[in-house]
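One structure is given below, encoded as structure tokens.
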Amino acid sequence: MPHRVLRSLLMLLACGTTYSQATPADEIIHKVEARGFIKNWIVAGPFPSPEVDEPLPDGSTHLGFYKDYLASRGGEAHNTLSLEADLTYTNEKGKAVTVSPQHVVVSENGITDLDTLFGHPDHVMAYAFCEIYSDTEQEAMISLGSDDAIKVWLNGSLVHSNYVARGLGFGQDVFKVSLKKGKNLILVKVVDMVRDWGFAIEVLDKHAAAEEQEALRQKQAKIDRLVGEEHLLWPDGLPGNPIVYDESDLIKYGSWLPDARLQISRAYSNVSTPSYYLYRASRENNTGVGVVILPGGGYNDVWIDSEGHEIALQFQEQGISSIVLKYRTNTADRTGKRPFSKEVYLPAATEDVKEAVRILRAQAEELDLDPNKIGIGGFSAGGHLSLSVLINPDETSTDSYPDFAYLIYPWLQDGYQEDISGAQDLPPLFIVNGLDDTSTPSEKTLKFYQILNEKNVPAELHIYSKGTHGFGLGRDHSAKQWTRSFEAWLKDIGMIQK
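Here it is, written out as structure tokens:
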């Protein structure tokens, strides 16, 4: 028997008698050990979880994380969910709302996709319940990922609580638990703050936990091998730096696609000391082109892997050298308030990009780059930051100004039309968006392209029929072709020799 979850017959009993009666136990064991995730749950929701102005007694600002919606039935610590027993709560209008638990069989990737299950709501919460069986009393590990905040009760005791806003990644939280012989009850609460919503949970015995740690070690070794060395953007410091946090470089984790090179997705928040990673094209395929890559994250975070390192590795294959920039952020506090005004923050972040361009140009000979073929580009907020550089050139020097730019599902702030109309000598622009992007709508991108045409700015626009916001390299749909289209465009504008 494999060491994965339930090595010593930590059998999944079921998530309700309906499923256990309908499905042979051997089949359930087989499904669990195939990947290790608990794949059968009784799920109840959604319950309201509005964001509140003042922190609640537990320090959270989302009601669903703090409020016990099972209080009328004895409380969260003393509850199981059943398909035969509806739940009720009173809404903000004083009306009773009934919630019917449902049986959910998780997909092969192990993720319970609550967002799809409940129709893509925001500011909500759900409970999930299951039973597992251990043939002996033993120490075990629970490894989970969640989007967003999560609490876990085991046999009536709260064993884990993490109030966090993040995308879902496997193994984000790992902690020890004690399993009793026989039936063990797990209740989970998952809070959605915005956009995606879900969780994935494994229960590992000590052997499987050791294997998991070794797998993580190998994974980290691969990341270290592929990702370049981190360098300070301003090695001599930033006297008078207006972007300062009590805690800096906080990391949260998101989800990644199965074929991603790095198998990790990190976002840095509270960035006050910017840094960069350098990727050099090989001599065999070097095009002489260099770019600065600006990951997105709403200026709240910098998604360094999915919109940074992954892009740089792809460009490297195409003969394009790059810098992945971890620029200063304007990270909101728990109440959602940004610490710095636009007038203070944006010039600082813009200067980070300009310095990265200067670094590429200064190292052009060493990197075998043409100093007249240096571009910038970014994703979402990184696209907006790129545009900010273009419309705010240095008045006394051109060494920080790019020769071209690429904007991938760019955030276009209200009023950008006036900024573009007043800008002079904009470089060629390559623009990409997805038709079903609701965060940075393609309609706004199309209008932006039309304004560029009116100003006679060389520009090319690709709007793909599929591709929600944040698709990065766009795997599994036609948007995955954008990097090749970008390379072809660079040839069209004379940056790469045909």
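All residue numbers for the sequence shown refer to my numbering, where the first residue is 645 and numbers rise by one.
Where is the CB? At the ideal position from N, CA and C, for every residue including glycine.
These numbers were taken from a predicted model, which means no experiment stands behind them.
CB-CB length for residue i against residue j, believed under 8 Å
i	j	result
Leu906	Asp949	5 Å
Ile682	Ile845	5 Å
Phe691	Tyr713	5 Å
Val1101	Leu1070	5 Å
Tyr912	Ile895	6 Å
Phe762	Gly689	6 Å
Lys998	Val933	Wrong, their Cβ atoms sit about 19 Å apart, outside the cutoff.
Leu870	Arg924	The Cβ separation is near 13 Å, so there is no contact.
Gly980	Glu695	7 Å
Leu877	Asp996	6 Å
Val743	Asn684	That pair is no contact at about 19 Å.
Leu860	Gly815	7 Å
Ile1035	Ala1000	Wrong, their Cβ atoms sit about 18 Å apart, outside the cutoff.
Spatial distance of residue i from residue j (CA atoms)
i	j	result
Leu969	Asn930	21 Å
Ser916	Val946	12 Å
Glu856	Asp903	19 Å
Ser652	Gly826	Caution applies to Ser652, whose pLDDT of 33 falls short of 50 and renders its modelled position unreliable; the model cannot decide the point.
Asn806	Ile794	5 Å
Val834	Met769	6 Å
His851	Leu812	25 Å
Ile1064	Asp893	33 Å
Pro765	Asp757	12 Å
Pro1072	Tyr971	24 Å
Asp1081	Thr973	23 Å
Asp836	Asp791	7 Å
Gln962	Ile1003	21 Å
Thr994	Glu1039	14 Å
Glu728	Leu831	17 Å
Asp759	Arg927	46 Å
Val1096	Pro1046	Reading off the sequence shown, one finds Leu at residue 1096, where the question assumed Val. The straight-line gap from Cα to Cα measures roughly 17 Å.
His1106	Val1076	5 Å
Asp880	Asp977	29 Å
Glu783	Tyr777	13 Å
Asp890	Pro983	12 Å
Arg1119	Gly738	46 Å
Thr975	Tyr897	16 Å
Ala740	Asp730	12 Å
Asp1136	Ile964	16 Å
Lys675	Leu802	Reliability of the predicted coordinates at Lys675 is poor, the pLDDT of 27 falling under 50, and the value obtained from them is presented with this limitation in mind. Rounded to whole angstroms, Lys675 to Leu802 spans 27 Å at the Cα level.
Ala865	Ser909	15 Å
Lys1124	Glu1062	32 Å
Ser985	Val847	45 Å
Glu1009	Leu700	57 Å
Same chain only: Cβ atoms within 7 Å of residue i, ignoring 5 sequence neighbours per side
i	result
Gly952	Ile937, Pro939, Val968
Glu874	Ser919, Tyr921
Arg1005	Pro1015, Ile1018, Asp1043
Thr1112	Gly1078, Asp1080, Asp1081
Pro1037	Tyr1045
Thr661	For Thr661, the predicted model reports a pLDDT of 29, less than 50, meaning its position is unreliable; a value from the coordinates is still stated below. Same-chain partners within the cutoff: there are none.
Ala854	none
Gln1057	His1028
Beta bridge counterpart(s) of residue i as assigned by DSSP
i	result
Leu969	Tyr920
Met1139	Paired residue(s): none; Met1139 is not in a bridge.
Asp836	Val768
Val1107	As written in the sequence, residue 1107 is Ile, which differs from the Val given in the question. Bridge partners of Ile1107: Asn1077.
Asp945	Ser913
Gln1061	Beta-bridge pairing links Gln1061 to no other residue.
Glu783	Ser822
Lys795	Ser805, Lys833
Glu951	Paired residues: none, contrary to the question.
Residues of its chain near residue i, where Cβ-Cβ distance is below 8 Å and the 5 sequence neighbours each way are ignored
i	result
Val804	Here residue 804 turns out to be His, not Val, going by the sequence shown. Here the set comprises Ile786, Leu788, Ile794, Lys795, Val796, Asp817, Phe819.
Gly1021	Val935, Val936, Ile937, Leu938, Gly1027, Ser1030, Ala1049, Tyr1050, Leu1051, Ile1052, Phe1074
Gly942	Ser1024, Ala1025, Trp1055
Asn799	Lys824, Asn828, Leu829
Ser716	Thr732
6 Å Cβ shell around residue i - same chain, five flanking residues per side excluded
i	result
Phe959	Ser966
Phe1074	Tyr1050, Glu1104, Phe1130, Trp1133
Gly719	Asp712
Thr1127	Gln958
Ser693	His706, Leu707, Gly708, His767, Val768, Met769, Val835
Met1139	Val933, Lys1017
Asp702	Tyr710
Ser1086	Asn1077, Leu1079, Ile1107
Val821	Ala784, Ile786, Leu798, Val803
Glu781	Lys824, Lys825
Within-8 Å CB hit, residue i to chain B
i	result
Leu870	Annotation note: the requested chain B is absent from the structure, which comprises a single protein chain.
Requested in this report: May I have a chain-ordered list of the beta strand (DSSP E) segments no shorter than 3 residues that lie completely inside the segment 686-757?
Outcome: 731-734, 740-743, 746-749
Query raised in the report: What are the uninterrupted segments assigned as alpha helix (DSSP H) that are 4 or more residues long and contained completely in the segment 835-896, given in chain order?
Result: 850-870
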